[in-house]
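Residue numbers (full-length UniProt numbering): 1 to 185.
No residue lacks a Cβ here, since even glycine has one placed at the ideal position from N, Cα and C.
Because the structure is a prediction, the values reported are computed rather than measured.
Reviewing the structure listed below.
Structure follows, in structure tokens:
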């Protein structure tokens, strides 16, 4: 990432899924944060947005949200992965799947004033893999909205922990496990 003299942030709001009573649902919270930032879906609050989220009847996050955001159910994977998320998000805005993009390159989207939903881990901890009915996935899956940078720091709006800066190195530890990201225009 390029070192800048000044911090750059798109100044996204924070939609806190826990405040709304949802132990799961980080991807829709981060997505709605990005949509609001770009002037889309302004008439939708988080709970209304969740009602519109596609659900996977087979609980496979590659097909839609794998359960319900307000509960943890054994055998379900309460998340929605990039392909169905992009399809859903396209109803509200122009989005682009950036999966495979290196963390350092996400800055390019931010420079174009496009926030990035990034799939990481809860608390940016070391990725932990688990076996599920649909295959292998991170058991500590999480998603945040990246909305700023400053030198070797990124700014995120985290649906659990709020808005904060973190080092690119720590971000990469979680992000590089999959390199899944979605740009919101």
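Identity of the residue in the options nearest residue i by Cα
| i | options | result |
| --- | --- | --- |
| residue 77 | 10, 90, 60, 167 | 60 |
| residue 23 | 98, 109, 79 | 79 |
| residue 32 | 101, 181, 134, 47 | 47 |
| residue 6 | 152, 179, 83, 140 | 152 |
| residue 160 | 11, 16, 168, 171 | 16 |
| residue 62 | 85, 166, 68 | 85 |
| residue 28 | 74, 57, 172, 87 | 87 |
| residue 75 | 115, 67, 81 | 67 |
| residue 171 | 133, 107, 112, 135 | 107 |
| residue 83 | 105, 133, 119, 37 | 119 |
| residue 131 | 141, 124, 125, 123 | 141 |
| residue 135 | 58, 89, 165 | 58 |
| residue 90 | 52, 179, 148 | 52 |
Cβ neighbours of residue i in the same chain (closer than 7 Å, five flanking residues each side left out)
| i | result |
| --- | --- |
| residue 35 | 41, 92, 93, 184 |
| residue 20 | 46, 47 |
| residue 115 | 10, 12, 34, 37, 145, 146, 147, 184 |
| residue 124 | 166, 170, 171, 173, 174 |
| residue 100 | 179 |
| residue 50 | 25, 28, 69 |
| residue 39 | none |
Sequence-distant residues of its chain with Cβ nearer than 6 Å to residue i (five each side left out)
| i | result |
| --- | --- |
| residue 14 | 157, 162, 163 |
| residue 127 | 121, 138, 177 |
| residue 70 | 22 |
| residue 96 | 183 |
| residue 81 | 61, 62 |
| residue 155 | 9, 147, 148, 165 |
| residue 65 | 53, 55, 80 |
| residue 73 | 67 |
Strand pairing of residue i, partner residues [DSSP]
| i | result |
| --- | --- |
| residue 96 | 183 |
| residue 146 | 116, 156 |
| residue 60 | BP columns for residue 60 are empty, so no partner. |
| residue 137 | 130 |
| residue 178 | Its beta-bridge partners do not exist; DSSP assigns none. |
| residue 55 | 65 |
| residue 8 | 149 |
| residue 167 | 153 |
| residue 77 | 66 |
| residue 121 | 141 |
| residue 162 | 158 |
Integer-rounded CB distance, given that residue j should sit under 8 Å from residue i
| i | j | result |
| --- | --- | --- |
| residue 186 | residue 8 | Examination of residue 186 is not possible in this model, given that the chain is present from 1 through 185 alone. |
| residue 181 | residue 98 | 4 Å |
| residue 26 | residue 143 | 5 Å |
| residue 30 | residue 117 | 5 Å |
Chain D within 9 Å of residue i, Cβ atoms only
| i | result |
| --- | --- |
| residue 47 | The structure shown contains no chain D; it holds only a single protein chain. |
Beta-carbon contacts of residue i that lie in its chain and below 8 Å, excluding the five residues immediately before and after
| i | result |
| --- | --- |
| residue 113 | 10 |
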